[in-house]
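Accompanying notes for the structure given below.
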Amino acid sequence: MNIQTISTSPFEGQILGTSGLRKKVSVFQQPHYLENFVQSIFDSLEGFQGKTLVIGGDGRYYNQIAIQTILKIAAANDFGQVLVGQNGLLSTPAASVLIRKYQAFGGIILSASHNPGGQDGDFGIKYNISNGGPAPENVTDAIYEQTEKISEYRITDTVDIDLTQLGETQVGKMKIKIIDPVADYVALMEQLFDFESMKALFQSGFTMRFDAMHAITGPYATHILEEKLGAPQGTVMNGIPLEDFGGGHPDPNLTYAHDLVDIMYGENAPQFGAASDGDGDRNMILGTSFFVTPSDSLAVLAANATLVPGYQDGLAGIARSMPTSEAADHVADELDIDCYETPTGWKFFGNLLDAGKTTLCGEESFGTGSSHVREKDGLWAVLFWLNLLAARRQSVETIVREHWAKYGRNFYSRHDYEGVDEQAATELMEHLYSTFSHLSGKQFGSHVVEYCDNFGYIDPVDHSISQDQGMRIGFQDGSRIVFRLSGTGTKGATLRVYLEFYEEDTAKHHLDAQTALAELIKVADEMAGIKKYTGYDKPSVIT
Ligand code: VG1
Ligand code: CO
């Protein structure tokens, strides 16, 4: 079997965003584009020869083709062994489980997560390090530098490898193990959660719907919910992964998971509803006609963690991304544990988890996870809720309302403006920043500005610094507005505006979030000139 060295030249813009490299499929289809990037990953790493690499993806269009190329490049670069999910499939959290369990050197995950798929959709690739988590910024910076100077890549000249059958095969000196993508993940869930009590819950007639959105979680959810826990067939909907996610947008929120939302807000709605995204790391939690914001979900899980076997000894700490609401902070206060505020993106939780400083982590963007892996984990969050519901035997709504009564309610919403002109978005952020020097003490409606900054983070473990992580405005009454530009989009800029208002008075907790936040929404526009710069008169997505 020959190893070929192919001359190439750099592509512009192979820069890793919030979570890996994401581009249109057509961009990845250019000759050498994927090869350059994969070789650049390997060139930026040291000491992997003879070691294990995990590879899998969310099954979107181009997954199959890309995996073949990556296997041939890995073999030519002297990896000892590759673990690959059958048919090239692995959810992001399952890949994290495998890297940790089999002490792999790292992993390559093929996914553009919640971005639409198919021939005209998006494709993506991310590299995870040996702790199972997304590569931190020093690694992603090194990969990017490498992509800018690459001149050749190595690839094994061989026929495509059959990934449909479990078992072992060989490319050159590299062994390829084709493994069940679900089994190791399920084994870990069985250690963390009380499967017996969840089974009993379903036996008592409890009703649930899980929307896999035609994406990767389907096989995982069907196996655990329907086969292991005895939920009736049909509990999992849209459960077969499709290359184009059935033409949908595999983002579990009230806008895109409309199949599920219609059921949960319709007649005879089930008691519990949940959905996950393209690569299985996000989750949305619903009760009967009731939506749980991801920020509240993190807080509720933290407050109830000791009811779940895997967390019965309590939490070391809680970490949340900066734009995530402060609901979890109130729980951390009460539990007298640390609460960390990190920049957006799961990679910032890795060091805190490795150092044992935090147990639960969460992001407002429907991401929740814990020290069991180093990624956010959609199905894990759903099982955590299910375990709580089995232990407390109350409705989702009652559990959340009781939580608000005890801790106060952090009304929360994110307004996204998608496909904005890039220059206009940059100008908006620059304009906003230029006002910061005289904003402090200024009154907007009933809100008085207490502080404003461009959020920067010093990692408490390795002291690395990450600047420019979003514009943060805090008011004296505890309200916050955050502005940042997305790092995962593939077309134009996406402006995200995060709004939060704290209300202690239980009599006001019934209000709808957009109503409670109405004044802050106006203030955000007044401050940043959203309408003026973007030309939009309303957000494209509200979560
Ligand atoms: C978004 C979310 C962020 C999340 C990231 C990856 O990033 O806001 O919280 O970590 O997506 O999630 P951005 O830069 O577009 O705001 V996933 O499920 O797409 O890997
Ligand atoms: Co995702």
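In our numbering, each residue carries its 1-based index in the sequence shown increased by 637. Glycine is no exception: its CB is placed at the ideal position from the N, C-alpha and C atoms.
| task | Taking all protein chains shown into account, decide if V1057 is buried (16 or more other Cβ within 10 angstroms of its Cβ) or exposed. | result | Buried: at least 16 other Cβ atoms inside 10 Å.
| field | Own chain partners of L1076 with C-beta closer than 6 Å, once the 5 adjacent residues on each side are dropped | value | Within the same chain, L1076 has close Cβ partners V1086 and C1089.
| task | Could you say which of G884, D848 and I853 lies nearest to G871 if we only look at CA atoms? | result | Of the listed residues, the one whose Cα sits closest to G871 is D848.
| task | Inspect the CB distances between the stretch 825–834 and the stretch 742–752 and report whether three or more fall short of 8 Å. | result | The way I'd put it, the stretch 825–834 doesn't touch the stretch 742–752; fewer than three beta-carbon pairs between them come closer than 8 Å.
| field | Contacts around H1146, its chain only, beta-carbon distance under 8 Å, and the 5 residues preceding and following it disregarded | value | Closer than 8 Å at the Cβ level, and outside the excluded window around H1146, lie R1038, W1041, A1042, R1046 and E1140.
| query | For A1062, which of L1069, L1016 and A1130 has the nearest alpha-carbon? | reply | When only C-alpha atoms are compared, the closest one is A1130.
| query | Which residue or residues does DSSP assign as beta-bridge partners of A732? | reply | By DSSP's assignment, A732 forms no beta bridge with any residue.
| Proximal residues to E672 (C-beta, below 8 Å), its chain only, five neighbours per side dropped | Cβ-Cβ distances below 8 Å link E672 to I643, T645, T706, I710, Y790 and I792 in the same chain, with the five nearest sequence neighbours on each side left out; the list follows chain order.
| message | To test your reading of the DSSP string, which unbroken beta strand (DSSP E) runs of 3 or more residues are found completely within the stretch 641–689? | response | If we require 3 residues or more, the beta strand (DSSP E) runs fully inside the stretch 641–689 come out as 658–661.
| task | Tell me where the alpha helix (DSSP H) around G987 begins and ends. | result | Segment G987 to D991, the alpha helix (DSSP H) holding G987.
| Selection from E1055, Q651, L866 and K1013 that minimises the alpha carbon distance to M845 | Closest option to M845, Cα to Cα, is L866.
| request: Could you pull the start and end residues of the alpha helix (DSSP H) that G1015 belongs to? | output: Where G1015 is concerned, the enclosing alpha helix (DSSP H) stretches over G1015 to R1029.
| said: Let me make sure I understand the geometry here. Which of I1158, G761 and V873 has the alpha-carbon closest to that of F1081? | reply: Comparing alpha carbon positions, the residue from I1158, G761 and V873 closest to F1081 is I1158.
| If you run the structure through DSSP and keep just helix, strand and coil, what is R737? | DSSP places R737 in helix when its eight states are reduced to three.
| message | Please tell me whether, using a cut-off of 7 Å, the distance from the CB of G761 to the nearest non-hydrogen atom of the ligand CO is below it. | response | Because no heavy atom of the ligand CO lies under 7 Å away, the Cβ of G761 does not count as near it: no.
| In this structure, what does DSSP give as the bridge partners for G924? | Beta-bridge pairing by DSSP links G924 to F909 and F927.
| query | Tell me the DSSP bridge mates of R1121? | reply | In the DSSP output, where bridge partners are listed per residue, R1121 has R1133.
| field | From G924, G917, D916 and G903, residue whose alpha carbon lies closest to that of G910 | value | Between G910 and the set G924, G917, D916 and G903, the nearest pair of CA atoms involves G924.
| field | Local conformation of Y948 per DSSP, three classes | value | Y948 falls in the helix class under three-state DSSP.
| task | Could you pull the start and end residues of the alpha helix (DSSP H) that T854 belongs to? | result | Judged by DSSP secondary structure, T854 falls within the alpha helix (DSSP H) whose first and last residues are T854 to A858.
| query | Three or more beta-carbon pairs under 8 Å between the stretch 938–945 and the stretch 878–885, yes or no? | reply | Output reads no: the stretch 878–885 does not touch the stretch 938–945.
| field | 8 Å Cβ cutoff met for D918 and G1015 | value | Going by C-beta atoms, D918 is nearer than 8 Å to G1015.
| Neighbourhood of A1150 by C-beta, 8 Å cutoff - its chain only, sequence neighbours within 5 removed | Taken in chain order, the residues that qualify are T930, F1048, Y1049 and S1050.
| Cβ neighbour criterion (16 or more within 10 Å) applied to H967 | By the neighbour-count rule (16 or more Cβ atoms within 10 Å), H967 is buried.
| task | Output yes or no for whether 8 Å exceeds the beta carbon distance between A772 and D759. | result | With respect to the 8 Å criterion, A772 and D759 are not classified as neighbours on the basis of their beta carbons.
| Straight-line CA distance for Y822 to A731? | Their Cα atoms are separated by approximately 6 Å.
| Backbone CA spacing between L891 and R1133 [nearest angstrom] | In this structure, the straight-line span from the alpha carbon of L891 to that of R1133 is close to 17 Å.
| With 16 other Cβ atoms within 10 Å as the buried cut-off, status of L803 | L803 comes out exposed.
| said: Within 10 Å of its beta-carbon, does Q783 have 16 or more other beta-carbons around it, so buried, or fewer, so exposed? | reply: Q783 comes out buried.
| task | With DSSP as the reference, label R1038 as helix, strand or coil. | result | In this structure, R1038 counts as helix in the three-state DSSP scheme.
| Boundaries of the beta strand (DSSP E) in which F760 is found, first to last residue | Looking at the DSSP string, the run of the beta strand (DSSP E) that includes F760 is D759 to N765.
| task | Hey, could you find the ends of the alpha helix (DSSP H) V796 is sitting in? | result | V796 -> no alpha helix (DSSP H), and no H or E assigned at all.
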